[in-house]
Amino acid sequence: MLIRVAGDSIMLSPPLIMTPNEVEEIISKFGDALKATEERIGELKSRKN
4 MLIRVAGDSI MLSPPLIMTP NEVEEIISKF GDALKATEER IGELKSRKN
């Protein structure tokens with residue numbers, strides 16, 4: 004799995020031999036990570052104010 008960040012985009016390049024279930028798992032984990040990051044940023048912003 005290759006992950007690249009370019010500006011405000013994140014590009015995922017999974018191997019071509021992945022199963023549909025593996026793709027769904029990666030998307031789910033990535034979504035969870037984004038939600039956790041958003042929550043953490045919210046916490047840090049509220050501390051700053």
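The sequence shown begins at 4 in the working numbering and counts up by one. Note that beta-carbon positions come from the ideal geometry of N, C-alpha and C, so glycine has one too.
> In this structure, does DSSP put LEU37 in helix, strand or coil?
Replying inline: helix
> Of all the CB atoms in chain C, is at least one closer than 7 Å to the CB of GLY45?
Replying inline: Among the protein chains of the structure shown there is no chain C, as only one such chain exists.
> Do you know whose CA, among ILE6, SER49, LEU37, GLU46, lies nearest SER16's CA?
Replying inline: ILE6
> Across which residues does DSSP place ILE13 in a beta bridge pair?
Replying inline: VAL8
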